[in-house]
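J.: Residue numbers for the sequence shown follow the working numbering, so the first one is 189 and each next one is one higher.
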Amino acid sequence: MAADSNKRTARLVKQTGAFAQRHGGSAEAQIAYVGQVGFRISLVGADGTWGDLMAPSKEAAEEAVRAEGVTLRESFDGEMAEHMRTGPYEWERMAGVQLGAPGGR
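#1: Within this structure, are the beta carbons of A215 and L231 separated by less than 8 Å?
#2: Across the segment 253-264 and the segment 220-236, are there enough close Cβ pairs to call them in contact, namely three or more that are closer than 8 Å?
#3: Rank T197, G236, F207 and E247 by C-alpha distance to the C-alpha of T273 and give the top, closest one.
#4: Please name the residue, chosen from E247, A234, Q209 and A249, that lies closest to E270 on a Cα-to-Cα basis.
#5: Rounded to a whole number of angstroms, what is the C-alpha to C-alpha distance between D192 and R210?
#6: Here's the rule I'm using: 16 or more other beta-carbon atoms within 10 Å means buried, otherwise exposed. How should V225 be labelled?
#7: Take the Cβ of G291 as the centre, count every other Cβ of all protein chains shown within 10 Å, and call the residue buried at 16 or more, exposed below.
#8: Over what stretch of residues does the beta strand (DSSP E) that includes A234 continue unbroken?
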């Protein structure tokens with residue numbers, strides 16, 4: 189079981205580092221507990237691109253972030269959100285929610 193956990197953590201480390209490299213060479217992260225499914229690592233790259241990863245434990249999430257030199261924030265505050273860039277995809281999805289249809293269609 190520990191070997192499986194180590195593999196999952198190693199994969200998270202790799203994914204976190206790849207995200208930072210693809211999106212400006214650095215990133216910020218915030219970790220949040222989302223119930224039995226685990227912990228969400230919310231990432232915002234230097235270029236404003238954002239995304240998230242799921243970790244099975246807080247320890248795995250913290251290791252993934254710290255191993256890649258990603259800045260870990262205590263909360264997803266206004267300063268972190270200020271760096272986010274939204275594009276047509278996000279705006280279309282938000283409109284879909286308002287209009288009651290998938291993708292705003």
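Yeah, the Cβ is synthetic: ideal placement off N, Cα and C, and Gly gets one too.
T.: Based on what the coordinates show:
#1: yes
#2: yes
#3: For the sequence presented, residue 273 should be read as Arg rather than Thr. Nearest option by C-alpha distance: G236.
#4: A234
#5: 27 Å
#6: exposed
#7: Bear in mind that a pLDDT of 48 at G291, under 50, signals an unreliable position, so the model cannot answer this.
#8: Premise fails: A234 is in no beta strand (DSSP E) and is neither H nor E.
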